[in-house]
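Going by the numbering used here, the first residue of the sequence shown is number 1, and it counts up by one from there.
Yeah, the Cβ is synthetic: ideal placement off N, Cα and C, and Gly gets one too.
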Amino acid sequence: MFAIKVRMKKNRVYRNNGAIGALLDEYEKSITEFKEVIKDVNSKELIQIVDSKTKDEDCKSIQTIITHVVRAGYTYVIEIRRWLGEDIKYKEKETLNSILEYNEALDKMFAYNEQLFDDYSNIKLEELEPDKKVHVRWGQKYDVEQLFEHAIVHILRHRRQIELFKNKISR
Numbered sequence: 001m002f003a004i005k006v007r008m009k010k011n012r013v014y015r016n017n018g019a020i021g022a023l024l025d026e027y028e029k030s031i032t033e034f035k036e037v038i039k040d041v042n043s044k045e046l047i048q049i050v051d052s053k054t055k056d057e058d059c060k061s062i063q064t065i066i067t068h069v070v071r072a073g074y075t076y077v078i079e080i081r082r083w084l085g086e087d088i089k090y091k092e093k094e095t096l097n098s099i100l101e102y103n104e105a106l107d108k109m110f111a112y113n114e115q116l117f118d119d120y121s122n123i124k125l126e127e128l129e130p131d132k133k134v135h136v137r138w139g140q141k142y143d144v145e146q147l148f149e150h151a152i153v154h155i156l157r158h159r160r161q162i163e164l165f166k167n168k169i170s171r
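Following this line, the structure appears as structure tokens:
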């Protein structure tokens with residue numbers, strides 16, 4: 001990583017490369033909080049169908065949610081790389097069997113996000129012209145900063161969803 005990290009209160013390490021550093025710090029923080037919520041989920045709870053009524057296949061169990069979160073984390077970067085001209089395929093959904101495996105997958109996904117800024121250290125974060133924004137496969141248009149902000153909130157929303165699922169699971 002090209003950014004120098006600086007220590008702040010509570011031994012938290014912050015990147016010092018401006019808006020990119022802030023986005024990565026907050027993204028990393030959201031993943032850390034997400035991992036904290038899932039750390040005590042056992043193998044039975046992981047696969048238990050909690051919402052059998054939803055039509056969203058990614059939101060039936062804790063396992064389907066985490067699988068979705070990991071894949072989406074790659075998709076955001078792939079969308080940006082495609083916008084930048086790279087010929088790159090989307091990551092396939094990969095269902096894992098333990099929280100340990102998912103934690104490793106989340107770490108790899110975040111490293112993939114960091115790599116974008118190593119590869120494109122001068123990437124333009126803000127784009128005001130709608131036609132120059134990243135047009136993602138689900139129909140929205142974002143600039144790089146907005147897409148990373150979306151990625152952060154995506155983790156937070158699914159962290160909350162898992163917290164609610166855990167409350168429904170008989171423990």
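Subject >> Where Leu116 falls, given that 16 or more other Cβ within 10 Å makes a residue buried >> reply: Residue numbering aside, residue 116 sits at position 116 when the sequence shown is read from its first letter. Buried is the call here.
Original post:
Which two residues bound the contiguous beta strand (DSSP E) that contains Arg15?
Top reply: Here residue 15 corresponds to residue number 15 of the sequence shown, with the count starting at 1. 13–15 is the extent of the beta strand (DSSP E) around Arg15.
**OP:** Can you give me the start and stop residues for the alpha helix (DSSP H) that Trp83 sits inside?
**Re:** One-based indexing of the sequence shown puts residue 83 at position 83. Where Trp83 is concerned, the enclosing alpha helix (DSSP H) stretches over 62–83.
Subject >> Cβ-based burial, Tyr90 [other Cβ within 10 Å; buried from 16] >> reply: The sequence position of residue 90 within the sequence shown is 90, counting from 1. Burial check for Tyr90: the Cβ neighbour count within 10 Å stays below 16, so the residue is exposed.
Original post:
Does the beta-carbon distance from Asp143 to Glu126 come in below 8 Å?
Top reply: Numbered from 1 along the sequence shown, position 143 holds the residue referred to as residue 143. Numbered from 1 along the sequence shown, position 126 holds the residue referred to as residue 126. Yes; because the gap between Cβ atoms is below 8 Å, this pair is in contact.
**OP:** Evaluate Ala19 with the Cβ neighbour count: other Cβ atoms within 10 Å of its Cβ, from every protein chain shown; 16 or more gives buried, anything less gives exposed.
**Re:** As a position in the sequence shown, residue 19 is number 19, starting the count at 1. That one is exposed.
**OP:** Starting from the C-beta of Asp25, find all residues in its chain whose C-beta is less than 7 Å away, skip the five residues before and the five after it, and write them out in chain order.
**Re:** The count along the sequence shown starts at 1 and reaches residue 25 at position 25. Cβ-Cβ distances below 7 Å link Asp25 to Tyr14, Arg15 in the same chain, with the five nearest sequence neighbours on each side left out; the list follows chain order.
**OP:** Measure the alpha-carbon distance for Asn97 versus Glu129 and round it to whole angstroms.
**Re:** What you label residue 97 is simply residue 97 of the sequence shown in a count that begins at 1. What you label residue 129 is simply residue 129 of the sequence shown in a count that begins at 1. Those two C-alpha atoms are separated by around 43 Å.
Original post:
Are the stretch 101–114 and the stretch 63–79 in contact at 8 Å, needing three or more beta carbon pairs?
Top reply: Contact between the stretch 101–114 and the stretch 63–79 is present, because at least three Cβ pairs lie under 8 Å.
Original post:
Can you name the residues that DSSP bridges to Tyr142?
Top reply: On the sequence shown, residue 142 is found 142 positions in, with the first residue counted as 1. Beta-bridge pairing links Tyr142 to Val134.
Original post:
Is DSSP giving Ile20 helix, strand or coil here?
Top reply: Your numbering for residue 20 matches position 20 in the sequence shown. Residue state, collapsed to three classes: helix.
Original post:
Ile123 by DSSP, collapsed to three states: which one?
Top reply: Position 123 of the sequence shown holds residue 123. The answer is coil: DSSP assigns Ile123 none of H, G, I, E or B.
Original post:
Which residues mark the beginning and the end of the alpha helix (DSSP H) in which Glu45 is found?
Top reply: To locate residue 45, count along the sequence shown from 1; it is residue 45. Per DSSP, Glu45 belongs to the alpha helix (DSSP H) from 43–47.
Original post:
Taking the alpha carbon of His57 as the point to measure from, which residue in Leu156, Ser121, Lys93, Glu79 has its own alpha carbon closest?
Top reply: Within the sequence shown, numbered from 1, the residue matching residue 57 stands at position 57. Looking at the sequence shown, residue 57 is not His but Glu. Ranking Leu156, Ser121, Lys93, Glu79 by CA distance to the CA of Glu57 puts Lys93 first.
Subject >> C-alpha gap between Thr54 and Ser61, whole angstroms >> reply: On the sequence shown, residue 54 is found 54 positions in, with the first residue counted as 1. On the sequence shown, residue 61 is found 61 positions in, with the first residue counted as 1. Looking at the two C-alpha atoms, the distance is approximately 10 Å.
Original post:
Looking at Ile31 and Ile155, is the spacing between their C-beta atoms short of 8 Å?
Top reply: Here the question's residue 155 lines up with position 155 in the sequence shown. Here the question's residue 31 lines up with position 31 in the sequence shown. Contact flag set, yes.
**OP:** Please classify Met1: does DSSP put it in a helix, a strand, or coil?
**Re:** For the purposes of this step, residue 1 is taken as residue 1 along the sequence shown, with counting starting at 1. Reliability of the predicted coordinates at Met1 is poor, the pLDDT of 47 falling under 50, and no value is obtained from them.
Original post:
For Lys39, which three-state DSSP category applies?
Top reply: Numbered from 1 along the sequence shown, position 39 holds the residue referred to as residue 39. Residue state, collapsed to three classes: coil.
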